[in-house]
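All residue numbers for the sequence shown refer to my numbering, where the first residue is 79 and numbers rise by one. For glycine and all other residues, C-beta sits at the position ideal for the given N, C-alpha and C.
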Amino acid sequence: MKKVLFLAVVLGLVVFFSLSAFAATIGFEPGSQTVPVGESVSVNLVISGLGDGESPSLGGFDLFIEYDPTILALSDVSFGDPTLGDQLDVSGWGSLYDYSSYSSDVEYLFGLSYNLPWDLNDLQKPSFVLATLTFDTLSVGTSPLEIVDPDPPFFASRLADENGNCLSFDSQSGNISAVPVPTTLILLGSGLSGVWILRRKKFG
């Protein structure tokens, strides 16, 4: 009995460390940003830790991104890596992307590759940008950026490998801080506006 339990523990550890070795990581880059309130800001959603010329590769994703809607408003989502291109379509067979609002503070992102598993394993990079999210800043404050599971198991963030099987991953959070516009810039803007008005009156 003790021998069976020992073997079970050993097998469990082997499986655990095997899964851990192939866990991907998804995070936001840059992880932290500070911008004047009223300006737009973009952040990349990046995956890393995939196989380099081997399994596992990414075949699809369902991701729920949470943020503070009193500070940020999502204005655009663009999929694919700006430098490496669409890493879900490495062989030209196509891919499908979409995004929609799950709730006022959670955005849903979807991606699916139509490429063959061995093409994804051979050609997909081990790290790349999944999507670029652009936000408008609405008010002063700091909004966290989190990958969440809003209503598991029905609505949860998931990754699929090249064969459509569940791919384990770790998520890293980020944040965006909107700060007041510096007073000097406000005064400078007011001063330039005053000069422009005076010139119009003088030469008008």
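Cut-off 7 Å between Cβ atoms - residues of its own chain near residue i, not counting five sequence neighbours on either side
{"i": "proline 114", "result": "Val257, Val259"}
{"i": "lysine 80", "result": "In this prediction, lysine 80 scores a pLDDT of 36, lower than 50, which makes its location untrustworthy; no coordinate-derived value is stated."}
{"i": "phenylalanine 247", "result": "Ala101, Ala102, Thr103, Ile104, Leu237"}
{"i": "serine 235", "result": "Asp140, Leu141, Phe142, Ile225, Val226, Asp227"}
{"i": "aspartate 294", "result": "For the chain, the structure presents residues 79 to 282; residue 294 sits outside this window and is missing."}
Nonlocal neighbours in the same chain, by C-beta distance under 6 Å from residue i, ignoring five residues either side
{"i": "proline 195", "result": "Glu240, Asn241"}
{"i": "tryptophan 171", "result": "Tyr192, Asn193"}
{"i": "threonine 262", "result": "Residue placement at threonine 262 is poorly supported in this model, since its pLDDT is 41, which falls under 50; the coordinates are not used for a value here."}
{"i": "leucine 270", "result": "At leucine 270, the pLDDT of 47 sits below 50, so the modelled position is not reliable; the number obtained from the coordinates is stated separately. Excluding residues within five positions, none has a Cβ falling inside 6 Å."}
{"i": "valine 207", "result": "Asn122, Val124, Asp159"}
{"i": "glycine 252", "result": "Phe106, Gly109, Leu223"}
{"i": "threonine 210", "result": "Ser120, Asn122, Ser156"}
Beta-bridge pairing of residue i - partner residues as DSSP gives them
{"i": "serine 139", "result": "This sequence places phenylalanine at residue 139; serine is not what is there. BP columns for phenylalanine 139 point to Gly189, Leu237."}
{"i": "serine 251", "result": "None; serine 251 has no bridge partner."}
{"i": "serine 133", "result": "DSSP, once it has assigned bridges, lists no residue as partnering serine 133."}
{"i": "alanine 102", "result": "Phe247"}
Residue i, DSSP secondary structure in three states
{"i": "glutamate 117", "result": "coil"}
{"i": "serine 126", "result": "strand"}
{"i": "aspartate 227", "result": "coil"}
{"i": "serine 144", "result": "Correcting the residue identity first, residue 144 is glutamate in this sequence and not serine. Strand."}
{"i": "valine 257", "result": "strand"}
{"i": "leucine 208", "result": "strand"}
{"i": "glycine 242", "result": "coil"}
{"i": "phenylalanine 232", "result": "coil"}
{"i": "glycine 109", "result": "coil"}
{"i": "serine 217", "result": "coil"}
Same chain, Cβ closer than 8 Å to residue i, neighbours up to 5 away in sequence not counted
{"i": "serine 205", "result": "Val124, Ile125, Ser126, Gly127, Leu128"}
Worksheet item: Considering only residues of the stretch 148 to 205, which uninterrupted beta strand (DSSP E) runs meet the minimum length of 3 residues and lie entirely inside it, listed in chain order?
Response: 150 to 157, 173 to 181, 184 to 191
Worksheet item: Is it true that the stretch 135 to 155 meets the stretch 210 to 228, where meeting means three or more beta-carbon pairs spaced less than 8 Å apart?
Response: yes
Fill in: Sufficient close CB pairs (3 or more, under 8 Å) joining the stretch 102 to 110 to the stretch 120 to 129
yes
Item to complete: Take every Cβ of the stretch 223 to 234, pair it with every Cβ of the stretch 126 to 137, and state whether three or more of those distances are shorter than 8 Å.
Response: no
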